[in-house]
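Each number in the numbering used here comes from the position in the sequence shown (counting from 1) with 19 added on.
The beta-carbon is built from N, C-alpha and C at its ideal position, and this holds for glycine as well.
Just so we're clear, the structure is a prediction, and the values are computed from it rather than from any experiment.
Reading through the structure tokens given below for one structure.
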Amino acid sequence: GLSELRYLRLRRCVHVDDHCLARVGRISSLQLLDVGECPRLTSKGIAALSHLNNLKRLIIQGNPQMEDRELVCLMLEDHLPNLYIDGVEYLRQLPEESREKIVALIAPSSDYNTQQPVLIDSPDNLSETNGTNKDFHLNTNEVHICNSAVQ
Numbered sequence: 020g021l022s023e024l025r026y027l028r029l030r031r032c033v034h035v036d037d038h039c040l041a042r043v044g045r046i047s048s049l050q051l052l053d054v055g056e057c058p059r060l061t062s063k064g065i066a067a068l069s070h071l072n073n074l075k076r077l078i079i080q081g082n083p084q085m086e087d088r089e090l091v092c093l094m095l096e097d098h099l100p101n102l103y104i105d106g107v108e109y110l111r112q113l114p115e116e117s118r119e120k121i122v123a124l125i126a127p128s129s130d131y132n133t134q135q136p137v138l139i140d141s142p143d144n145l146s147e148t149n150g151t152n153k154d155f156h157l158n159t160n161e162v163h164i165c166n167s168a169v170q
């Protein structure tokens, strides 16, 4: 069987649909799943992955047909706290005024740090600089929105 399958890339597969993803949702050993650019996939299929407790990364980029993608992904991340989802931009879907309020809430308020908050695009792009778990370096030229905590 597939009991030890950890990585599954189904990107651009026209045969992947919600029924297929419901079956994939039974592979408990899965750690990475790429279903980017699968035109028949909907948010219902993504929701079927909620039992994959070992899933650390889900790639859903290039699926504009998914309605309520942000809501389903938020619920999935809440249920699977170690999961990082690529391909969903929560803040960009909000009106500008709402985004500004959120950034103001997460901006550091202390006097020693007046820089804008850095939003990480992937935990893999963050590296520790001095071994203290306090200083980090962001290895990217383009900053995106991060939807999960760095492990």
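With contacts defined as CB atoms closer than 8 Å, residue 64 and residue 29 fail to qualify as a contacting pair. The Cβ atoms of residue 51 and residue 43 lie no closer than 8 Å to each other.
Looking at the DSSP output, residue 104 bridges to 77. Beta-bridge annotation (DSSP): residue 71 is not paired with any residue. Under the three-state reduction of DSSP, residue 59 is assigned to strand. The Cβ atoms of residue 99 and residue 71 sit closer than 8 Å to each other.
An exposed status is given to residue 20, since fewer than 16 other beta-carbon atoms sit within 10 Å of its beta-carbon.
Sequence-distant Cβ neighbours of residue 26 in its own chain, meaning closer than 7 Å and more than five residues away, are 50 and 51.
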